[in-house]
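Peer 1: Counting with this note's numbering, you get residues 945 to 1090 for the letters of the sequence shown.
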Amino acid sequence: MGTDLRHAVVVALGDLGRSHDYRDRADAGHGLAAFAEMQEALVPLRELVLDPGDTFVTRRTAEALLRRKDRVGLTIVASALAVANSNHSDWIHSAIIDVFSVFSDDRDDAMRLCEELSRDTGDRVALGARQLHKVLAEIDPVLRPV
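1) Suppose the cutoff is 7 Å on Cβ atoms and the five residues either side in sequence are ignored; what does the same chain contact list for SER963 look like?
2) Just to confirm the assignment: which complete alpha helix (DSSP H) runs, minimum length 4, are found wholly within the stretch 1019 to 1066?
3) Could you name the residues of the same chain whose beta carbon sits closer than 7 Å to that of ALA1081, not counting the 5 residues immediately before and after it, in chain order?
4) Using a Cβ-Cβ cutoff of less than 6 Å, which residues in the same chain neighbour ALA1070 once the five nearest sequence positions on both sides are dropped?
5) Output yes or no for whether 8 Å exceeds the beta carbon distance between ALA1024 and ARG990.
6) Report all residues from its chain with a CB closer than 7 Å to the CB of ARG1074; omit the five preceding and five following residues, and keep chain order.
7) Is there contact here, the stretch 991 to 1002 with the stretch 1023 to 1042, by at least three beta-carbon pairs under 8 Å?
8) For PRO988, count neighbouring Cβ atoms within 10 angstroms of its own Cβ and tell me buried if that reaches 16, exposed if not.
9) Mind checking whether ALA1008 and ALA972 have CB atoms under 8 Å apart?
10) For the alpha helix (DSSP H) containing VAL953, list its first residue and its last residue.
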């Protein structure tokens, strides 16, 4: 997909993320997570992770970002976690547990990235990365390497 098409998709998903219907916003968050490395996607993703209207949007967006299992996705979730109220925080925790409770390698890689983020980023992301690391450390994954 060319740069222009990717930009158009992010703009369209950003517009969908401003819908009055929580299902549209949840779908937008899920879709935008695939484009999280694009600058244009960052603001809508941050807003959707902390959606003021429905925590289903929070849960769906956070899970999609975490399923990327990369620095970008973890950074956005950590940034949101640092300022989340208790309700949003609970749903972000649920997403973390769902994504990282199966494979220990995935959980361990996420923990390493969180350690890096807690050292190499601004205060908000560093705080969220420490919180995320704490949640990850409490997970006992089902599958471990032989």
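We treat Cβ as the ideally placed atom computed from N, Cα and C, and that holds for glycine.
Peer 2: So, from the data block:
1) These residues qualify, in order along the chain: ARG969.
2) Counting whole runs of 4 or more residues, the stretch 1019 to 1066 contains the alpha helix (DSSP H) stretches 1030 to 1044, 1048 to 1064.
3) So the qualifying residues of the chain are MET1055.
4) Excluding the 5 residues flanking it on each side, ALA1070 has same chain C-beta neighbours closer than 6 Å at SER1062, in chain order.
5) Taking 8 Å as the Cβ cut-off, ALA1024 and ARG990 qualify as a contacting pair.
6) For ARG1074, where only same-chain residues beyond five positions count, the Cβ hits under 7 Å are SER1062.
7) A contact is defined here as three or more CB-CB pairs under 8 Å, and the stretch 991 to 1002 meets this definition with respect to the stretch 1023 to 1042.
8) Counting Cβ neighbours within 10 Å, PRO988 comes out buried, since at least 16 surround it.
9) No, they are not a contact pair.
10) Looking at the DSSP string, the run of the alpha helix (DSSP H) that includes VAL953 is 947 to 960.
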